[in-house]
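One structure is given below, encoded as structure tokens.
Number of protein chains: 2
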Amino acid sequence: PARIPHHHRGILGYCKALGVPLEVQVNENRAALLQASTGPVPQRRVQADLRGLIAELAAKGLERGTLEAPLDEPDLEALRAMLRRFGALGADHRYHGSSRAGWDRPPGAGPEAPRALPPLDARLLLEPTLWAGAAFTEGVDYAATMLQPVGGMDRIAAALATALGEALVPGAEVVSLRRGEAGARVRWRGADGMREETAAQVLITLPAPLLARLDTDLPEARRAGLAALHYSSAAKLAFHCARRFWEEDHAIYGGISWTPGEATQLWYPSHGFHAEGGILTGAYIWDDDLGERFAARGPAGRAAAIAADGEALHPGLGREVSAPVSVAWSRMPRAGGAWAEWTTAQRRDLYPLLRSPEGPYHFAGEYLSWLTGWQEGAVLSAWNALEGMA
Amino acid sequence: PARIPHHHRGILGYCKALGVPLEVQVNENRAALLQASTGPVPQRRVQADLRGLIAELAAKGLERGTLEAPLDEPDLEALRAMLRRFGALGADHRYHGSSRAGWDRPPGAGPEAPRALPPLDARLLLEPTLWAGAAFTEGVDYAATMLQPVGGMDRIAAALATALGEALVPGAEVVSLRRGEAGARVRWRGADGMREETAAQVLITLPAPLLARLDTDLPEARRAGLAALHYSSAAKLAFHCARRFWEEDHAIYGGISWTPGEATQLWYPSHGFHAEGGILTGAYIWDDDLGERFAARGPAGRAAAIAADGEALHPGLGREVSAPVSVAWSRMPRAGGAWAEWTTAQRRDLYPLLRSPEGPYHFAGEYLSWLTGWQEGAVLSAWNALEGMA
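Going down the list, the protein sequences come from chains A and B. If you read the first sequence in my numbering, its first letter stands for residue 1, the second for the next number, and so on. If you read the second sequence in my numbering, its first letter stands for residue 1001, the second for the next number, and so on.
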């Protein structure tokens, strides 16, 4: 994960308790772009024109008597006033454009009044990249305020490791689990060869695909269920840029641009504004098919494909980016995928089985929560499992 | 000003050139509150339910044939899909509530699926504090990304002062301006008594109310115009809080809550998250009548009135706040008001006069721009005046 919603109290509580400083992650930026068929459009323009179009449609509906329960005149006027403000409509309840969309002639210190951009062709607003991109940060886990640890997400893991001290054995790869009379026997490969330990209870936090493949004596139904759980093929690619061209040329400070291309999302850094260079996340791919296509390319092929998508959003981007680094979670030996994606049927039939303890074995991880893919899901799942072990 | 929009390139350019570090100012926070007649409501809930209500009205309108230019079926379905996503509507194009509004039963690691809050009574959404507060950050100068200098807005002035060095004479109060053969004579009161200097050109950046009252030989029409320009009676009050109760108790990280009370806005700090204490801006009053009422109270009266408004948003706030500090710009001897507010007629009849030079006199300030109240307006006005002096 690259961000923390403000209401994920579990992981934020660890940040506070462990002294991991936080800063704002800019998830929504009205200067960021949405890739339309005609070229990139700033989000502010899409947002404003969508609101104008929809509020106008709603106002027209009122004129045709769409209300099921008729309102008295004061309430009707309150509703109209709300629609005018919502959509920046004129007194005629029609949308004629708004400064919310940005400026055709920006406000300055000259003699002439500023002039707002005219509305976009409504047909353009029907392109899914535009309306889906514009609605993205309405989601409860994507809406402001979004946070990030200063210095990167691994500052949380590092702080946890420090707090755990010698209780944590880094680099220990578990190779088998067996039940015994005194609990369970865990064999692992450490820096000094094979080791094993027996414990009355074992909390297993491996991702489902890895646990499914591990040498265990878990019942066949559970192992089949773990293997059946789909994990996302999400992927990311980042570039180094010697120049923050997004800030210098476009006044883009953080946020996300969206493209229908393979790159899907282009993330601008939310920190280090006005620094000399910066890291640009050139791609954050969610779709499984796109993620697999990306994963199958070699490093150079990945960078070339993503730079081409970025070039459409930012002409000249290809000359600005260097040192690509990418990760396709479906190819990560220690992950087996980015996050669990339950089907409705699996939530009903499989989730109760996978979240229940099995003799000495207890289970936790983001996949055993309703917040898959989020650190908060892993935290809540761990707390839930610990209650069962008490 | 307390914030800088990302597209105010002039003032941001100074920040970059002078090395003033920037951080994100959280202007919109869906966890912040809107004070309804029934009590405070989180903005996420108002935002989601407004979008749902309006998208549903628009969809109903489509069913009644409100489109002036009929769409073919693929476009109509694209429009319906857009409305569903915009408002989080069901497949029936009706709004049944959405997780965007927040959770009745939050997602955790338990057996039960999360459950979204039910929609608010639509009548509640017609209260202006709710719909106006929810639309606030749609404004082009209020939409993300918003920025602030690390350490406070005066870091810009301090950096400018450092860069100017001895060219800047601090504490010099101009007492009169007179035209002469060689330009203009400026008399001022400095640390070592009265001084005067003659210059071929003088750039006057005093706020209009102060310049109107100054002993000058400006023509009567200009002085009358300067005096006629209305300046806002905006005001602010801040408290110290030993505990960041807004973060600890409500997961509010930055942003603004709105109340119909005198306090108008309550600002939470956008920096220092999880620190032990913090500064809470208990009031940011915009309305002139409310601002004058606030200004007329004594310091204790101001704090008591604002704490009472805050108590309605955050029951118990009164026990958390201390050390109130307030400013009413209409009472500030060096300001004469918060910012200029032009009428349409004044923009037409007076603005051309006030922005034009007068012999050796040139004029600049936020009031001589279309961005009154913003540092950017003052910067652009200064650049404009300097062009006339070249």
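Here a beta-carbon is modelled for each residue, glycine too, at the ideal position from N, C-alpha and C.
Under a CB-based cut-off of 8 Å, is residue i close to chain A?
i: B:D1288; result: no
i: B:H1240; result: no
i: B:T1264; result: no
i: B:A1208; result: no
i: B:W1131; result: yes
i: B:D1121; result: no
i: B:G1139; result: yes
i: B:L1126; result: yes
i: B:K1236; result: no
i: B:A1078; result: yes
i: B:S1232; result: no
i: B:E1320; result: no
i: B:L1380; result: yes
i: B:P1260; result: no
Using a beta-carbon distance below 8 Å, is residue i in contact with chain B?
i: A:R85; result: yes
i: A:F245; result: no
i: A:F273; result: yes
i: A:P269; result: no
i: A:M82; result: yes
i: A:W339; result: no
i: A:S37; result: no
i: A:A345; result: no
i: A:R222; result: no
i: A:E276; result: no
i: A:Y253; result: yes
i: A:G108; result: yes
i: A:L57; result: yes
i: A:D249; result: no
i: A:D49; result: no
i: A:D75; result: yes
i: A:W342; result: no
i: A:T145; result: yes
Let me confirm a value: residue i is counted as buried when at least 16 other C-beta atoms fall within 10 Å, else exposed. Which label applies?
i: B:M1146; result: buried
i: B:M1389; result: exposed
i: B:E1056; result: buried
i: B:R1355; result: buried
i: A:D141; result: buried
i: B:S1037; result: exposed
i: B:A1228; result: exposed
i: A:R347; result: exposed
i: B:W1286; result: exposed
i: B:R1100; result: buried
i: A:H8; result: buried
Quick one: is the Cβ of residue i within less than 7 Å of any heavy atom of the ligand NAP?
i: B:N1384; result: Among the ligands in the structure shown, none appear at all, so the ligand NAP cannot be discussed.
Can you tell me where the beta strand (DSSP E) with residue i in it begins and where it stops?
i: B:Q1148; result: 1146-1149
i: B:L1012; result: Per DSSP, B:L1012 belongs to no beta strand (DSSP E); it is in the alpha helix (DSSP H), 1009-1018.
i: A:L206; result: Element bounds for A:L206: n/a, residue is neither H nor E.
i: A:V175; result: 173-180
i: A:V24; result: 22-25
Using 8 Å for Cβ pairs, my map puts residue i next to residue j. What's the rounded Cβ distance?
i: B:A1091; j: A:I54; result: With a Cβ gap of about 18 Å, B:A1091 and A:I54 do not count as contacting.
i: A:G254; j: A:V26; result: 3 Å
i: A:E262; j: A:R293; result: 7 Å
i: B:A1323; j: B:F1245; result: So it is not a contact: roughly 15 Å between Cβ atoms.
i: B:G1108; j: A:L380; result: 5 Å
i: A:R189; j: A:E173; result: 5 Å
i: A:A295; j: A:A235; result: 6 Å
i: A:I252; j: A:N29; result: 6 Å
Please report the residue range of the alpha helix (DSSP H) in which residue i lies.
i: A:T162; result: 154-164
i: A:L33; result: A:L33 -> not in any alpha helix (DSSP H); beta strand (DSSP E) instead, spanning 33-36.
i: A:E197; result: Note, A:E197: premise wrong, no alpha helix (DSSP H); beta strand (DSSP E) at 193-199.
i: B:A1184; result: Segment 1183-1190 is the beta strand (DSSP E) holding B:A1184; no alpha helix (DSSP H) there.
i: A:P128; result: 128-135
i: B:E1138; result: No alpha helix (DSSP H) contains B:E1138, which DSSP labels as neither H nor E.
i: A:E56; result: 43-63
i: B:E1220; result: 1220-1228
i: A:V379; result: 375-389
message: In chain order, what are the residue ranges of uninterrupted beta strand (DSSP E) at least 3 long that sit wholly in the segment 237-300 of chain A?
response: 255-258, 265-268, 278-285
message: Could you tell me which whole beta strand (DSSP E) segments of length 3 or greater appear in the segment 1286-1370 of chain B?
response: 1321-1328, 1361-1363
field: Every unbroken beta strand (DSSP E) inside the segment 1066-1132 of chain B [3 residues or more]
entry: 1103-1105
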